[in-house]
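**Q** This is the structure I have questions about; it appears just below.
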Amino acid sequence: MKKLLMTAAALLMAVPALAEEGKFSANSQAKPWNLFGEETARFTAKVTDGLCALTGDCPDDCGGGERQMVLIRDADNAVVLANKNGQPIFSGATVDLAAYCGQHVEVDGLLIGDPELTPGLTAKVFMVQTIKPVDADEFAKANLFSKAWEEKHPEAQGKGPWFRRDPGVKAEIERTGYFGIGHEVDKKYLEENPQ
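Using mature numbering (1 follows the signal peptide of the UniProt record, and there is no 0), the letters of the sequence shown map in sequence onto residues -19 to -1, 1 to 176.
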């Protein structure tokens, strides 16, 4: 029994090391999050915004932090959606990548996605953990969202996650309800699922 418990404990401790190895995993120092279809990835790419990559509408500043950012991967010219930074909160990568608009960078992070869970969606999204210009020596952590959000919304300071205090999120909930499909749906759900 003791051997079984020791084996189980060893396997549980090894779980973080089980991130898949993928085509771009060489030399990656990314920390696994144990997400479905996760693979470490380190590659070079050009930073731009998604509208630019898809339509050719390319402002000099990549939309000034208001557009979803993408990475045009050098190895295969793939458009990689960078939808998450390295913070363990619900935050995107736009703030971290916007400063590198139009530049070639090296990024390290996680490609995430599982076609079995998302039929028809075979591309993986990217969670940027670190970034640097290709000619720089040191990587910078991709963790700027919280600071940028606090500077943009000084009136929303307080306890709890940022999204519960965000004026835009609160206004949208006020307008469309928590599910985004009307207050009547919220009311019905609460009646059917009392706390």
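Heads up, the beta-carbon is just placed ideally off N, CA and C, and yes, glycines get one too.
Where Gly83 and Ala123 are concerned, what is the direct C-alpha to C-alpha distance, given to the nearest angstrom?
**A** Here residue 83 refers to the residue found at position 102 of the sequence shown. Here residue 123 refers to the residue found at position 142 of the sequence shown. Straight-line Cα distance between these residues: approximately 17 Å.
**Q** How about Gly18 and Asp95: are their beta carbons less than 8 Å apart?
**A** Residue 18 sits at position 37 when you count from the first residue of the sequence shown. Residue 95 sits at position 114 when you count from the first residue of the sequence shown. In contact: Gly18 and Asp95 (Cβ atoms closer than 8 Å).
**Q** Alpha carbon to alpha carbon, how far is Pro114 from Leu52?
**A** Within the sequence shown, numbered from 1, the residue matching residue 114 stands at position 133. Within the sequence shown, numbered from 1, the residue matching residue 52 stands at position 71. The alpha-carbon atoms of Pro114 and Leu52 are separated by roughly 13 Å.
**Q** Buried or exposed: where does Pro(-4) fall if 16 or more other Cβ atoms within 10 Å of its Cβ makes it buried?
**A** Walking along the sequence shown from the start, residue -4 turns up at place 16. With a pLDDT of 39 at Pro(-4), under the threshold of 50, the predicted position of this residue should be treated as unreliable, though the coordinate-derived value follows. Exposed, since its Cβ has fewer than 16 Cβ neighbours within 10 Å.
**Q** Do you know how far the Cα of Ala26 is from the Cα of His85?
**A** Translated into the one-based positions of the sequence shown, residue 85 becomes position 104. Translated into the one-based positions of the sequence shown, residue 26 becomes position 45. So the alpha carbons of these two residues sit roughly 5 Å apart.
**Q** Who are the Cβ neighbours of Met(-7) in its own chain at under 7 Å, not counting the five residues just before and after it?
**A** By 1-based counting over the sequence shown, the position of residue -7 is 13. Legend: pLDDT at Met(-7) = 37, less than 50; position of this residue unreliable, no value from coordinates given.
**Q** I'd like the list of long-range same chain contacts for Gly46, defined as Cβ closer than 7 Å, with 5 residues on each side in sequence excluded.
**A** Along the sequence shown, one-based indexing puts residue 46 at 65. Excluding sequence neighbours, Gly46 sits near Thr75, Val76 and Ala79.
**Q** Do you know offhand how far Thr157's Cα is from Lys168's?
**A** By one-based count along the sequence shown, residue 157 stands at place 176. By one-based count along the sequence shown, residue 168 stands at place 187. Answer to the nearest angstrom: the Cα atoms are 12 Å apart.
**Q** For Arg145, which three-state DSSP category applies?
**A** To locate residue 145, count along the sequence shown from 1; it is residue 164. In this structure, Arg145 counts as helix in the three-state DSSP scheme.
**Q** Does the Cβ of Glu165 have 16 or more other Cβ atoms within 10 Å, making it buried, or fewer, making it exposed?
**A** Indexing the sequence shown from 1 puts residue 165 at position 184. Exposed, by the Cβ-count rule.
**Q** Give the single residue among Lys12, Thr29 and Phe126 whose Cα lies nearest to the Cα of Gly73.
**A** By one-based count along the sequence shown, residue 73 stands at place 92. Out of Lys12, Thr29 and Phe126, Phe126 has the C-alpha closest to the C-alpha of Gly73.
**Q** Do Leu62 and Val109 have their C-beta atoms closer together than 8 Å?
**A** As a working note, residue 62 is residue 81 in the sequence shown. As a working note, residue 109 is residue 128 in the sequence shown. For Leu62 and Val109, no; Cβs fall outside 8 Å.
**Q** If you draw a straight line from the alpha carbon of Phe71 to that of Trp143, how long is it in whole angstroms?
**A** One-based indexing of the sequence shown puts residue 71 at position 90. One-based indexing of the sequence shown puts residue 143 at position 162. So the alpha carbons of these two residues sit roughly 9 Å apart.
**Q** Kindly indicate which three-state DSSP category Ala79 falls into: helix, strand or coil?
**A** Looking up residue 79 in the sequence shown gives position 98. Helix, per DSSP.
**Q** Determine the contact status of Val88 and Phe160, defining contact as a CB-CB distance below 8 Å.
**A** Start at 1 with the first residue of the sequence shown, and residue 88 comes out as number 107. Start at 1 with the first residue of the sequence shown, and residue 160 comes out as number 179. No, they are not a contact pair.
**Q** Run the CB neighbour count on Val28, radius 10 Å, all protein chains shown included, and call it buried at 16 or more, exposed below.
**A** As a working note, residue 28 is residue 47 in the sequence shown. Looking at its Cβ environment, which holds 16 or more other Cβ atoms inside 10 Å, Val28 is buried.
**Q** For Gln68, which residues of its own chain have a beta-carbon under 7 Å away from its beta-carbon, when the five flanking residues on both sides are left out?
**A** Mapped onto the sequence shown, residue 68 falls at position 87. These residues qualify, in order along the chain: Asn124, Phe126 and Ser127.
**Q** Exposed or buried, which one is Thr21 when buried takes at least 16 other CB atoms within 10 Å?
**A** Walking along the sequence shown from the start, residue 21 turns up at place 40. Classification of Thr21: buried, given that the 10 Å Cβ count is 16 or more.
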